[in-house]
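In the numbering used here, the protein residues as written are 1 to 638.
A quick write-up on the structure given underneath.
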C-alpha cells in the first residue's frame, strides 16, 4: 500500500528549519501567508522573480535584485536570468557561509589510500595552487579543463580552480573505459587533461596505463597531468605533485549563464550529449536544494555516494555553498561499509541510490546494528524510483527518525525537481513534494495537465539550472529536439509521473520504455517494485516487444535457482498487484542486468537488441558499466 505516512515533520519544524525561516522572509515580500508548503511552492512558481531573487539574496550570492530583473524572459529555451549580475561559482563555494577557516570542509575516504581531512583554509590553498598551475599551462576563460579522476579532494580543488578562472570543467570517473572517455571529452576539446594511473575498487586493483595512452593520443590536449593514486611508477606529462605553486586566490566575475562545467547524458544509443551548465544557475539551484530541501547548514556533513562521472558529484561539491562539509568516498559501495562510513564521517545527511538501498535490503543488512546513525537527519535516494518496500526497509532497518527523501531529477538540470522537504511528511512509495521553483506537471497525450492521473513529466516554466546549451549545437536545434520536441515551450523530461492532490508524486518509469498491453499502460518502475519484492529476485529488467508478437519478457538476476516455483511466484505477484495483462510471457535468467555507468537499467538498448538491431546501432557499449552483461541478450536476439 502506498500513501501511508512513515515520517512526520517535528511540530516546531517551521521555527527550526532553514525552509521555515526562508518561508517567513518570502511571505513578508509576497504580502501573503506561506506557512503551508504547498502555498510556498505555488508562490515560487507563480512569482519566479520574487522567489529566485529571495534565494539569491538569502544565501548571499549577491545583493538585492528587483523582481523584474531576475527573470527578464521566460522563453523556453532562451530564458534570461539575472542579466545584470556577475558572480563566480567557486568564490561562492569557498565563501562557505558560517564555516571558519579552521573548520573541516572536506572529508575524503577511499579504498586506495588513507582518509584525508581538509579545513576550509586548506581547501582554499589547494584551489589556489591548482589555479596557478592552470594559469602556467595557459588555461584561461572559456578553455576546457578535463579530469579522468577519482572522487578525491584533488579533483574537487581542480574543478573549483577551473571555475575561478572562468574555464569550463568536465570529468569522467576512473572506471570509464578509454572509449567512453574519448566519446565524451573529444567533443569538448580540452586544453588540459588530468588522468589517474589507476584505483582500487574494494580489494581489486585496476591500472589505467594502457587506456591513458589511448585517451591522450585521441584527445591530444596541450598539457597532460598525471595524478599518481596507486604509485609513482607511471606518469604521462607532468605530475600532480609538481603542478602549480602556492599563491593567492582570485576569481573571475562572470555572467550568470557563463559555462561552469559540462556533464554528459548516458549515451546508450549514440554519443553522449554534452550538457553545459552555468555558474549562476548551478549556484542558485544548489543553495535552494541543499539549504532549503535538505536543511543543510554550518556544522552539517553531507555524504552522497557517487563518482566523478555522475551529476551527484557536482551536487555534492556544492555543500560549502550553505556552509556544510562535503564527505567524499572513492571505492566500492560495500553494503555494510557505507553505513559504517556514515558513522565515521559524522554525516548528518547520507545520500545513495535506490539500487543500493534495495541491495542492502535483499542481503539482510541491518544498518542500525552496524553503526551509530543517530546523527543522520536525512537519507537521500535517487538514480531510480525507490519502491514502497525500500521505504519500509529504511524505516525498519536504518532509522526511525531520519527523513527519507526520494529524489527525482537528472543530469540535464543537475538537480532534483521532485523530492522532499523538512516540512512535508514522507508517504510510503511517494516522492513527498514538487521542489520549490520547479513547475512540474503531468501532461496527458493531448497536452492537458492532469492531477491524480499518470502522464508525461513536464516542466512548464523555466528553472535557473536548465542547460545553458548543448556543446557543439550553436543553432540550438539539438537542444530543442531533446527537450522541447513534443510541446513547444514545455520541457519534456521523459518520465511518467502521477501527481497526487496533496502535492506528492510517483515516478513510474521512463516514458520511452512503457509497457502498454491491451491498452493498459504501465511504467517499468511499477513493474520492478513488484518483481523485485519476490524473494530470491535481486535485480530485473522488463522489455515489451510490441512490434509484432506483443511479448513481455522479464530478465532476472536471482540469488536462488530460477525454477518453476520462482516463475509462478513472479507471475502471481504481477497478476495480483499489477494486472493480468502484464503477466510475463517468459521469465529468463541472466548473469547480470546491464546498466549504464551511472547505474540506470538499459531497457531501450536491450529492446532494440532483441528486435534484431545490430549491437553497434543498438547501444554505445562504452556507456555501460559492464558490457559483458549484454552477451545473454545478444543470444536472445531475433
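Each residue gets a CB set at the ideal place from its N, CA and C atoms; glycine is no exception.
Is it buried or exposed for residue 400, if we count other Cβ within 10 angstroms and need 16 for buried?
-> With a threshold of 16 other beta carbon atoms within 10 Å, residue 400 falls short and is exposed.
By DSSP, does residue 305 sit in helix, in strand, or in coil?
-> In the structure shown, residue 305 sits in coil (DSSP, three-state: anything other than H, G, I, E or B).
Of all the options 237, 172 and 86, which has the alpha carbon lying nearest to the alpha carbon of residue 622?
-> Ranking the options by Cα distance to residue 622, first place goes to 172.
Determine the DSSP secondary structure at residue 460, reduced to helix, strand or coil.
-> DSSP places residue 460 in coil when its eight states are reduced to three.
Neighbour flag for residue 97 against chain B, beta carbons, 9 Å | No chain B is part of this structure, which consists of one protein chain only.
Where do the ends of the beta strand (DSSP E) carrying residue 109 lie?
-> Here the beta strand (DSSP E) through residue 109 covers 104-110.
Touch check for the stretch 268-285 and the stretch 240-250: three-plus C-beta pairs under 8 Å?
-> No, they do not touch.
Quick one, which of 426, 540, 478 and 341 has its alpha-carbon nearest residue 109's?
-> Selected option, being the one with the closest Cα: 341.
Could you have a look at residue 600 and say whether DSSP puts it in helix, strand or coil?
-> Here residue 600 sits in coil by DSSP.
First and last residue of the uninterrupted alpha helix (DSSP H) at residue 493 = No alpha helix (DSSP H) contains residue 493, which is instead part of the beta strand (DSSP E) from 491-499.
Spatial distance of residue 471 from residue 75 (CA atoms) | If you draw a straight line from the Cα of residue 471 to the Cα of residue 75, it comes to about 20 Å.
Can you tell me the Cα-Cα spacing of residue 373 and residue 20, whole angstroms?
-> Their Cα atoms are separated by approximately 25 Å.
For the stretch 162-191, list the alpha helix (DSSP H) runs that are entirely contained and at least 4 residues long, ordered along the chain.
-> Entirely contained in the stretch 162-191, the alpha helix (DSSP H) runs reaching 4 residues are, in chain order, 178-185.
Given residue 491 as reference, the closest of 506, 453, 442 and 499 once Cα atoms are compared = Checked all of 506, 453, 442 and 499; the closest Cα to residue 491 is 442.
Close-in-space but distant-in-sequence residues of the same chain around residue 568 (CB under 6 Å, 5 per side omitted) = None.
Other residues of its chain near residue 601: CB distance less than 7 Å, five sequence neighbours each side excluded | Excluding sequence neighbours, residue 601 sits near 541, 593 and 595.
Bridge-paired residues (DSSP) for residue 11 = Paired residue(s): none; residue 11 is not in a bridge.
Where does residue 435 fall in DSSP's three states?
-> When secondary structure is reduced to three states using DSSP, residue 435 falls in the coil class, being assigned neither helix nor strand.
Would you mind reading off the limits of the alpha helix (DSSP H) that contains residue 122?
-> Where residue 122 is concerned, the enclosing alpha helix (DSSP H) stretches over 120-136.
Closest residue to residue 322 among 181, 91, 575 and 563 (Cα-Cα distance) = When only C-alpha atoms are compared, the closest one is 91.
Cβ-based neighbour list, residue 27, same chain, cut-off 7 Å, excluding 5 preceding and 5 following = In the same chain as residue 27, and ignoring 5 residues on each side of it, the C-beta atoms closer than 7 Å to its own belong to 33 and 34, in chain order.
C-alpha gap between residue 446 and residue 339, whole angstroms = Taking the straight line joining both Cα atoms gives about 46 Å.
Going by the beta-carbon positions, is the gap between residue 656 and residue 525 smaller than 9 Å?
-> The structure shown does not extend to residue 656, since the chain is modelled only from 1 to 638, so the question has no answer here.
Excluding the five sequence neighbours on either side, which residues of its own chain have a C-beta within less than 6 Å of the C-beta of residue 80, listed in chain order?
-> Once the five neighbours on either side are set aside, the close Cβ partners of residue 80 are 72 and 73.
Residue ranges of each beta strand (DSSP E) run of no fewer than 3 residues wholly in the stretch 344-403, ordered along the chain?
-> Taking only runs of at least 3 residues, the beta strand (DSSP E) segments lying wholly in the stretch 344-403 are 349-353 and 378-382.
Note the first and the last residue of the continuous beta strand (DSSP E) segment covering residue 263.
-> Residues 259-264.
Compute the distance between the beta-carbons of residue 212 and residue 197, then report whether it is under 9 Å.
-> In this structure, residue 197 lies closer than 9 Å to residue 212 by Cβ.
Just reading off the beta strand (DSSP E) that residue 712 is part of, what are its end residues?
-> Outside the modelled stretch of the chain, which goes from 1 to 638, sits residue 712, for which no answer is possible.
contact_flag[the stretch 127-138, the stretch 274-285] where n(CB pairs < 8 Å) is 3 or more | No, they do not touch.
How long is the line joining the alpha carbons of residue 585 and residue 614, rounded to whole angstroms?
-> When only Cα atoms are considered, residue 585 and residue 614 end up about 24 Å apart.
Buried/exposed call for residue 439, threshold 16 Cβ in 10 Å | Residue 439 comes out buried.
In angstroms with no decimal places, state the Cα-to-Cα distance between residue 355 and residue 599.
-> Between residue 355 and residue 599, the C-alpha separation is close to 8 Å.
Tell me whether residue 321 sits in a helix, a strand or coil according to DSSP, three-state version.
-> It is helical.
Would you call residue 167 buried or exposed, if buried means 16 or more other Cβ atoms sit within 10 Å of its Cβ?
-> Answer is buried; the Cβ neighbour count reaches 16.
State the start and end residues of the unbroken alpha helix (DSSP H) segment that holds residue 412.
-> Note, residue 412: premise wrong, no alpha helix (DSSP H); not H, not E.
Below 7 Å CB to CB, which residues in the same chain sit around residue 102 once its five sequence neighbours on both sides are set aside?
-> Only residues of its own chain outside the window of five on either side were considered, and among them 119 and 121 have a CB closer than 7 Å to the CB of residue 102, listed in chain order.
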